[in-house]
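Everything in the sequence shown is counted per the working numbering, starting at 30 for the first residue and increasing by one. Backbone N, C-alpha and C define an ideal beta-carbon position, used for all residues, glycine too.
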Amino acid sequence: PGPARGSQGDREPLYRECLSRCERQNCSGAALRHFRARQPLYMGLTGWTCRDECKYECMWLTVRLYQQGGHRVPQFHGKVSLNAWFWSTVFHTRDTALTEKLDYFCASAVILHSVYLCCVRTLGLQRPALISIFRAFLLLFLAGHISYLSLVRFDYGYNLVANAAAGEL
Numbered sequence: 030p031g032p033a034r035g036s037q038g039d040r041e042p043l044y045r046e047c048l049s050r051c052e053r054q055n056c057s058g059a060a061l062r063h064f065r066a067r068q069p070l071y072m073g074l075t076g077w078t079c080r081d082e083c084k085y086e087c088m089w090l091t092v093r094l095y096q097q098g099g100h101r102v103p104q105f106h107g108k109v110s111l112n113a114w115f116w117s118t119v120f121h122t123r124d125t126a127l128t129e130k131l132d133y134f135c136a137s138a139v140i141l142h143s144v145y146l147c148c149v150r151t152l153g154l155q156r157p158a159l160i161s162i163f164r165a166f167l168l169l170f171l172a173g174h175i176s177y178l179s180l181v182r183f184d185y186g187y188n189l190v191a192n193a194a195a196g197e198l
């Protein structure tokens, strides 16, 4: 699956039919007003939409049906952080210069991706141009961070401060 195609679960006909039905029934008119009226404040502040709720509910419905049928449950909505866990495991199993860098770089990517997703959830859904600029900034920051650690000096202190600062965003 590529970034435009989504995860296997996102493409499952059962999930897509559920999502379409849920949005039709719940995300317009009086049903949408009812959703917004009963939505907790914290979810509204993070930009959680009726469509997001439908995606969440349909994902779990699909998971239950697959489990009941004894089928393998497909992945939904990607699992970006697993790459960092993988390289961390490899590094702590076999400590080499390459595995150490992959561990550190993937951890940095996860932190920046988390910052990006927080901003998309709170700002980007309403301001796509702003989030595109922010995404480009984060990618440039990651490229500069990796370049510095790879080409100039592998500085543990700098890496710690850079990741902590990014996490504070």
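Inter-residue spacing [alpha-carbon to alpha-carbon] between residue i and residue j
i	j	result
A193	F134	14 angstroms
M88	Q68	19 angstroms
P42	S161	31 angstroms
A33	T125	Note on A33: pLDDT 45, under 50, position unreliable in the model; the coordinate value appears next. Cα to Cα, the separation comes out at about 34 angstroms.
A191	T75	26 angstroms
Y177	H121	23 angstroms
D81	V181	43 angstroms
R45	I175	38 angstroms
T91	E52	16 angstroms
R123	R156	44 angstroms
Cβ-Cβ distance between residue i and residue j below 9 angstroms
i	j	result
D132	S117	yes
Y187	L167	no
C56	E86	no
R65	G73	yes
Proximity winner among the options, relative to residue i (alpha-carbon distances)
i	options	result
G58	S49, C79, G38	C79
W114	Q97, A138, G99	A138
K84	R50, V181, Y95	R50
H100	L70, G38, V190	G38
F183	C147, V102, E129	E129
Nearest-angstrom Cβ-Cβ length linking residue i and residue j, presumed shorter than 8 angstroms
i	j	result
A60	I140	Actually they are not in contact, since the Cβ atoms of A60 and I140 sit about 38 angstroms apart, beyond 8 angstroms.
Q104	S36	4 angstroms
C148	F170	Not a contact, Cβ separation roughly 13 angstroms.
Limits of the unbroken alpha helix (DSSP H) element including residue i
i	result
H174	157 to 176
R101	Segment: none, R101 is in no alpha helix (DSSP H) and carries neither H nor E.
E129	126 to 148
F115	111 to 122
R62	58 to 67
V190	185 to 197
S49	42 to 55
Chain B contact for residue i (CB, 9 angstroms cutoff)
i	result
R62	The structure shown contains no chain B, having only a single protein chain.
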